[in-house]
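Visitor:
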Amino acid sequence: MNRRDFLRDLAVGGAVLNWAPRVLAGQAAAPGKGPDLAAVEGESPYLITKEAVAALGGMKRFVGKGDKIIIKPNVGWDRTPEMAACTNPDVVKALVELAHEAGAKKVTVIDNTTNQAKRCYVRSGILDAARAAGADMPYVDETRVKKTALKGEWLKEWDILIDVLEADKIINVPIAKHHSLCRLTMGMKNWLGALGGARNQLHQNLDRAMVDLAAYFKPSLTVLDAYRILVRNGPQGGRVSDTKLVKTVVAGIDPVAVDSMGATFFDIRPQELLYLRLAQERGLGKFELEKVRVEKRKI
Amino acid sequence: MKREKSRKYRLLRVLRAASQTAFFGLFLTLFIGAHYTGQDYIGSTVQRFFHFDPLLALVTFVSARLVYALFIYSLITIAATLILGRVFCGWVCPLGAVHQFSSFAFKKTKFLRPRREEKASLAWKYYILIIVLAGAVLGLDLAGYLDPFSFLTRSFAVSIFPGLAYALSGLKAGFYALGLTAAGRSISQLLGNWTLNETFLQGFAVGFFFLGAVALNAWKERFWCRYLCPTGAFLGLLSRWNILKLRIDDEKCIKCGLCTQHCETQAHPYPNEKWRSGECIYCETCAAICPTAAIGFPVKATPEKLTNISDVNLSRRKVLLTTFLGLVAVPFFRLTPSQKRADLKLIRPPGALPEPKFLAKCVKCGQCMRACPTNGLQPALTQAGPEGIWTPMLVPKIGYCEYYCSLCTQVCPTGAIQKQTIEEKNKLKIGSAWVNKNRCLPYALGKPCIVCEEHCPVSPKAIKFVEVEAKLPDGKTVVQKAPVIDLELCTGCGICENKCPVVDDPAVYVTSVGETRSEKNRLLLQVIGEPK
Numbered sequence: 001m002n003r004r005d006f007l008r009d010l011a012v013g014g015a016v017l018n019w020a021p022r023v024l025a026g027q028a029a030a031p032g033k034g035p036d037l038a039a040v041e042g043e044s045p046y047l048i049t050k051e052a053v054a055a056l057g058g059m060k061r062f063v064g065k066g067d068k069i070i071i072k073p074n075v076g077w078d079r080t081p082e083m084a085a086c087t088n089p090d091v092v093k094a095l096v097e098l099a100h101e102a103g104a105k106k107v108t109v110i111d112n113t114t115n116q117a118k119r120c121y122v123r124s125g126i127l128d129a130a131r132a133a134g135a136d137m138p139y140v141d142e143t144r145v146k147k148t149a150l151k152g153e154w155l156k157e158w159d160i161l162i163d164v165l166e167a168d169k170i171i172n173v174p175i176a177k178h179h180s181l182c183r184l185t186m187g188m189k190n191w192l193g194a195l196g197g198a199r200n201q202l203h204q205n206l207d208r209a210m211v212d213l214a215a216y217f218k219p220s221l222t223v224l225d226a227y228r229i230l231v232r233n234g235p236q237g238g239r240v241s242d243t244k245l246v247k248t249v250v251a252g253i254d255p256v257a258v259d260s261m262g263a264t265f266f267d268i269r270p271q272e273l274l275y276l277r278l279a280q281e282r283g284l285g286k287f288e289l290e291k292v293r294v295e296k297r298k299i
Numbered sequence: 300m301k302r303e304k305s306r307k308y309r310l311l312r313v314l315r316a317a318s319q320t321a322f323f324g325l326f327l328t329l330f331i332g333a334h335y336t337g338q339d340y341i342g343s344t345v346q347r348f349f350h351f352d353p354l355l356a357l358v359t360f361v362s363a364r365l366v367y368a369l370f371i372y373s374l375i376t377i378a379a380t381l382i383l384g385r386v387f388c389g390w391v392c393p394l395g396a397v398h399q400f401s402s403f404a405f406k407k408t409k410f411l412r413p414r415r416e417e418k419a420s421l422a423w424k425y426y427i428l429i430i431v432l433a434g435a436v437l438g439l440d441l442a443g444y445l446d447p448f449s450f451l452t453r454s455f456a457v458s459i460f461p462g463l464a465y466a467l468s469g470l471k472a473g474f475y476a477l478g479l480t481a482a483g484r485s486i487s488q489l490l491g492n493w494t495l496n497e498t499f500l501q502g503f504a505v506g507f508f509f510l511g512a513v514a515l516n517a518w519k520e521r522f523w524c525r526y527l528c529p530t531g532a533f534l535g536l537l538s539r540w541n542i543l544k545l546r547i548d549d550e551k552c553i554k555c556g557l558c559t560q561h562c563e564t565q566a567h568p569y570p571n572e573k574w575r576s577g578e579c580i581y582c583e584t585c586a587a588i589c590p591t592a593a594i595g596f597p598v599k600a601t602p603e604k605l606t607n608i609s610d611v612n613l614s615r616r617k618v619l620l621t622t623f624l625g626l627v628a629v630p631f632f633r634l635t636p637s638q639k640r641a642d643l644k645l646i647r648p649p650g651a652l653p654e655p656k657f658l659a660k661c662v663k664c665g666q667c668m669r670a671c672p673t674n675g676l677q678p679a680l681t682q683a684g685p686e687g688i689w690t691p692m693l694v695p696k697i698g699y700c701e702y703y704c705s706l707c708t709q710v711c712p713t714g715a716i717q718k719q720t721i722e723e724k725n726k727l728k729i730g731s732a733w734v735n736k737n738r739c740l741p742y743a744l745g746k747p748c749i750v751c752e753e754h755c756p757v758s759p760k761a762i763k764f765v766e767v768e769a770k771l772p773d774g775k776t777v778v779q780k781a782p783v784i785d786l787e788l789c790t791g792c793g794i795c796e797n798k799c800p801v802v803d804d805p806a807v808y809v810t811s812v813g814e815t816r817s818e819k820n821r822l823l824l825q826v827i828g829e830p831k
């Protein structure tokens, strides 16, 4: 690391950790359609999600009239929301409502769970939340997958859920969590839940698999739930003491930048994460947050 | 002579069929209900049927030397039988309904042509009953193999519903292929919602016995109920004093013999004095089909002679001999090495009693296997010795024990698996996980993996990782994160084995050693007084 990098990291890390909106406010006010990244802090996961999308310019920027939308939260584990193993249900609910309001024809929430599907869907609270907001939330049918050419550098092809393939737009809604192998699981890792097949084999080259998947799935919007993050014993935790309240939702159009900002919540510099560096090299986005237009709000 | 059938008994026959349908429907509803409904605690499901079963109540009491309070309901069945005879068999029993309906179907299709007078011995079910009871005295619980509720529940759980799920999957694939996505999807959602398990060791064998028992109805009507069912035999013995006694009006009777020919249970209505009150299940067939309405069941409160209740000639010698056979059979069940040392694959569900008590109480009904949301509970074959055939064991390669689930402990009808709250269950160890370094990817191939560590549900994790050096085939050395097990924390849930990418013979696997319930099969010594 050279001195310039160090100073840059220091500036970014400091800005993010200390919530110094003024440092970034100038960028947020830049002209254009809106910022690339919005981070909103507040007491209600539901309200900060809506505010974050509003800060990006509203859901109409991402969802067109008559679109079929897939919302892809992390419902991987049979864990209740206070364990921070699955996306906060209120975040999902807010997004379903916003997608409907923006004119979506059909909103489907889906995830290929790791624990038994029904238990994950129910106990995460997401099934109830999604249905209450008018979304469909089907269990993954392992036979309804399609072998798809990913044209990745490592992953050439893999089974992808047909529900996801058939969508017009995808909204990725990960939660920020500790992970032993790739250190942090956020948006890019969340794509494993859109796959079928023997996903556990992807661990043999997980960082590259994540980059190949992120290059294939092009979400219109990534909303990272960092209301309560999992800081140890990831990716499923098991005790409330494994979690930390950050009370923030990060929304963005640049999936790499979203994950990068997520990393800062764990006091990890984005460039320490191999997959973020590879993703930037591949041109999927920027992990250097100072090059991204960020809007921060607190409600 | 005016030929006219009895309207009253024709109506009663319809009511009887309605009652059978209702109880079978109730059974099915409760059976399907025994799964993860979205609630952690699902309340009473099909096990309630078992609690009305006096044979299971008696055998469990005798073999396990334990009183299980819920069996108090079986007194209702006993009282009803004492007063009304075997109405339970004819009007309530869901397995009886299956046999009755299939006999009816075989008759209508002319596969079954009942003889004018059936001479086959009805004694077998009594001998079976005596052997079961004699075995129970020495702690052997064989009731579950032929008890109608156990038999039906097990067959449905391990074979019929898995077969149905398989068929539905096929139908679903057909719908998808035809582009009928919505229809296909509703099937897949139903399978997910009801958590219908599809894979069972022994599924074929259990199904073979069930379909075999149904097929035997093509030979003799209600074959099972006549010749095999020990519960029916038990109720038959209680059926001496009942108040409803068959009576043939000699003036109306034209001696056509239809009643005896079509009697479902060979109770021999004609001639009147040969009627076997212990065999009659009050199906009302004889009275309903009698062309001159000569048959009725008036109230008459005199007991039948013991020889007349089933006319099976249960002589003292035969009873003594079969009792002796039941007793001497027990040692042969105990020659197995599983009596000495636990089988490594015999991972019992959480809350299972210590092995001898467990075997004395488990009725092999397979309810726990139905309720298991991951399909991990499977019927054993050899692992628990001959008396443990079809008792439940966790096979992590098929499914693991879901951390926040205690459904199997909630549905057990006899308390062989003791009811656990989820907090209680998570304190129990059912086995211990081990790493096979010769197959584990980081250790053996120098590749990253630690999928097992990721899936370990306890916090802090029972699977940790350490950095190890591995040699690659080209001689280079790589450093990888590799799993190590902390057995103090491991519960033996088996998710590591289930999710291990080395699918054929997982590199991390669970064996039964260290299970909380056993004092013999333990591993880590907790020396008294030493802090943990």
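Each protein sequence line maps, in turn, to chains A and B.
Quick note: the first sequence uses the numbering used here, first residue 1, plus one each step.
Quick note: the second sequence uses the numbering used here, first residue 300, plus one each step.
Here a beta-carbon is modelled for each residue, glycine too, at the ideal position from N, C-alpha and C.
As the structure is a computational prediction, the values presented were derived from the model and not from experiment.
What residue ranges within the stretch 670-738 of chain B form continuous beta strand (DSSP E) runs of no fewer than 3 residues, ordered along the chain?
Guide: The stretch 670-738 of chain B contains these whole beta strand (DSSP E) runs: 676-678, 691-693, 731-734.
Visitor: For a cutoff of 9 Å on Cβ pairs, would you count B:T708 as touching chain A?
Guide: By 1-based counting over the second sequence, the position of residue 708 of chain B is 409. No, no contact with chain A.
Visitor: I want to know whether the stretch 486-496 of chain B touches the stretch 126-139 of chain A - three or more CB-CB distances under 8 Å.
Guide: Taking 8 Å as the limit for Cβ pairs, the verdict is that the stretch 126-139 of chain A does touch the stretch 486-496 of chain B.
Visitor: So, is the C-beta of A:Q236 closer than 9 Å to a C-beta in chain B?
Guide: As a first step, residue 236 of chain A is located in the first sequence; it is residue number 236 there, counting from the start. It does: the Cβ of A:Q236 has a partner Cβ on chain B nearer than 9 Å.
Visitor: Between A:A132, A:R131, A:D111, which lies nearest to A:I160 when the distance is taken from Cα to Cα?
Guide: Mapped onto the first sequence, residue 160 of chain A falls at position 160. The candidate whose alpha carbon is nearest that of A:I160 is A:D111.
Visitor: Along chain B, which residues have their Cβ under 9 Å away from the Cβ of A:Y139?
Guide: Taking the first sequence and counting its residues from 1, one reaches residue 139 of chain A at position 139. Chain B residues near A:Y139: S487, Q488, L490, G491, N492.
Visitor: May I ask you to report which of helix, strand or coil DSSP gives B:F503?
Guide: Position 204 of the second sequence, counting from 1, holds the residue named residue 503 of chain B. B:F503: helix per DSSP, three-state reduction.
Visitor: Using CA coordinates, which residue listed in B:F460, B:T720, B:R302, B:A504 is at the minimum distance from B:W689?
Guide: Within the second sequence, residue 689 of chain B is the residue found at index 390, counting from 1. Cα-wise, what sits closest to B:W689 is B:A504.
Visitor: Comparing the C-beta of B:Y703 with each C-beta of chain A, is any distance below 9 Å?
Guide: What you label residue 703 of chain B is simply residue 404 of the second sequence in a count that begins at 1. B:Y703 counts as touching chain A.
Visitor: Could you pull the DSSP bridge partners for B:G595 from this structure?
Guide: Mapped onto the second sequence, residue 595 of chain B falls at position 296. Note: B:G595 sits in a beta bridge opposite B:R546.
Visitor: Quick one: which residues of the stretch 200-228 of chain A get their C-beta closer than 8 Å to a C-beta of chain B? List them in chain order.
Guide: If the cut-off is 8 Å between Cβ atoms, the stretch 200-228 of chain A has N200, Q201, H203, Q204, N205, L206 near chain B.
Visitor: Determine which residues of the stretch 782-805 of chain B have a Cβ less than 7 Å from any Cβ of chain A, and write them out in chain order.
Guide: Answer set for the stretch 782-805 of chain B: K798, P800.
Visitor: So, is the C-beta of B:K471 closer than 9 Å to a C-beta in chain A?
Guide: Residue mapping note: residue 471 of chain B aligns to position 172 of the second sequence, counting from 1. B:K471 counts as touching chain A.
Visitor: Chain B partners of A:A198, CB-CB under 7 Å?
Guide: The residue labelled residue 198 of chain A in the question sits at position 198 within the first sequence. Per Cβ cutoff of 7 Å: P800.
Visitor: Could you work out which residues of chain B lie near A:D78, taking near to mean beta carbons separated by less than 7 Å?
Guide: By 1-based counting over the first sequence, the position of residue 78 of chain A is 78. Within chain B, the residues near A:D78 are E701, Y702, Y703.
Visitor: Quick one: Cα of B:G556 to Cα of B:T601, how far?
Guide: On the second sequence, residue 556 of chain B is found 257 positions in, with the first residue counted as 1. On the second sequence, residue 601 of chain B is found 302 positions in, with the first residue counted as 1. Cα to Cα, B:G556 sits roughly 26 Å from B:T601.
Visitor: Whole angstroms is fine: what's the gap from A:T222's alpha carbon to B:S485's?
Guide: For the purposes of this step, residue 222 of chain A is taken as residue 222 along the first sequence, with counting starting at 1. For the purposes of this step, residue 485 of chain B is taken as residue 186 along the second sequence, with counting starting at 1. The straight-line gap from Cα to Cα measures roughly 30 Å.
Visitor: Could you tell me which of B:S401, B:V598, B:F499, B:P568 sits nearest to B:L510, measuring between CA atoms?
Guide: Stepping through the second sequence from its first residue, residue 510 of chain B is reached at position 211. That would be B:S401, whose Cα lies nearest to the Cα of B:L510.
Visitor: Of all the residues that make up the stretch 730-752 of chain B, which are near chain A by a beta-carbon distance shorter than 8 Å?
Guide: Residues passing the 8 Å Cβ filter: L740, K746, P747, C748, I749, V750, E752.
Visitor: Counting C-beta neighbours from all protein chains within 10 Å, is the total for A:E142 16 or more, i.e. buried, or is it exposed?
Guide: Indexing the first sequence from 1 puts residue 142 of chain A at position 142. So A:E142 ends up on the exposed side.
Visitor: Counting pairs of Cβ atoms below 8 Å between the stretch 459-479 of chain B and the stretch 374-387 of chain B, do you hit three or more?
Guide: Because the criterion of three Cβ pairs below 8 Å is not met, the stretch 459-479 of chain B and the stretch 374-387 of chain B do not touch.
Visitor: Assuming A:R79 and A:Q201 are in contact, meaning their beta carbons sit under 8 Å apart, how far apart are those beta carbons, in whole angstroms?
Guide: Residue 79 of chain A sits at position 79 when you count from the first residue of the first sequence. Residue 201 of chain A sits at position 201 when you count from the first residue of the first sequence. Not confirmed; about 24 Å, so no contact.
Visitor: Name the DSSP bridge partner or partners of A:W158?
Guide: If you number the first sequence from 1, residue 158 of chain A lands on position 158. Answer by DSSP bridge pairing, in chain order: A:T148.
Visitor: Give the DSSP-derived three-state secondary structure of B:V777 in the structure shown.
Guide: Your numbering for residue 777 of chain B matches position 478 in the second sequence. Three-state DSSP puts B:V777 in a strand.
Visitor: Check for me: the beta strand (DSSP E) holding A:T185 runs from which residue to which?
Guide: Position 185 of the first sequence, counting from 1, holds the residue named residue 185 of chain A. Start and end: 183-185.
Visitor: Less than 9 Å separating the beta-carbons of B:L676 and B:C707?
Guide: Taking the second sequence and counting its residues from 1, the one referred to as residue 676 of chain B is at position 377. Taking the second sequence and counting its residues from 1, the one referred to as residue 707 of chain B is at position 408. Cβ atoms of B:L676 and B:C707: closer than 9 Å.
Visitor: Of the choices B:R306, B:Y335, B:Q319, whose alpha-carbon is the least far from that of B:Q666?
Guide: If you number the second sequence from 1, residue 666 of chain B lands on position 367. It is B:Y335 whose Cα lies nearest to the Cα of B:Q666.
Visitor: Can you give me the Cβ contacts of B:N674 inside the same chain, cut-off strictly under 6 Å, excluding the 5 residues immediately before and after it?
Guide: Locating residue 674 of chain B in the second sequence gives position 375, where the first residue counts as 1. Contacts found: N496, T498, I697, G698.
Visitor: Could you tell me whether the stretch 469-488 of chain B touches the stretch 426-440 of chain B, where touching means 3 or more Cβ pairs closer than 8 Å?
Guide: No, they do not touch.
Visitor: For B:E497, which residues does DSSP report across the bridge?
Guide: Your numbering for residue 497 of chain B matches position 198 in the second sequence. For B:E497, which the question treats as bridged, DSSP gives no partner whatsoever.
Visitor: May I ask which residues mark the beginning and end of the alpha helix (DSSP H) holding B:G324?
Guide: As a working note, residue 324 of chain B is residue 25 in the second sequence. Where B:G324 is concerned, the enclosing alpha helix (DSSP H) stretches over 306-332.
Visitor: Among the residues of its own chain, which have a CB less than 6 Å from the CB of B:A532, if the five just before and after it don't count?
Guide: Your numbering for residue 532 of chain B matches position 233 in the second sequence. These residues qualify, in order along the chain: K424, Y425, L428.
Visitor: Beta strand (DSSP E) containing A:K177: first to last residue?
Guide: As a working mapping, residue 177 of chain A is identified with position 177 in the first sequence. Unbroken beta strand (DSSP E) run through A:K177: 175-179.
Visitor: May I ask you to report which of helix, strand or coil DSSP gives B:I749?
Guide: Here residue 749 of chain B refers to the residue found at position 450 of the second sequence. B:I749: coil per DSSP, three-state reduction.
Visitor: Drop a sphere of 10 angstroms on the beta-carbon of B:Q338, count the other beta-carbons inside from all chains shown, and report buried for 16 or more, exposed for fewer.
Guide: As a position in the second sequence, residue 338 of chain B is number 39, starting the count at 1. Exposed, by the Cβ-count rule.
Visitor: Per DSSP, which residues does B:R821 bridge with? Please list them.
Guide: Stepping through the second sequence from its first residue, residue 821 of chain B is reached at position 522. Paired residue(s): none; B:R821 is not in a bridge.
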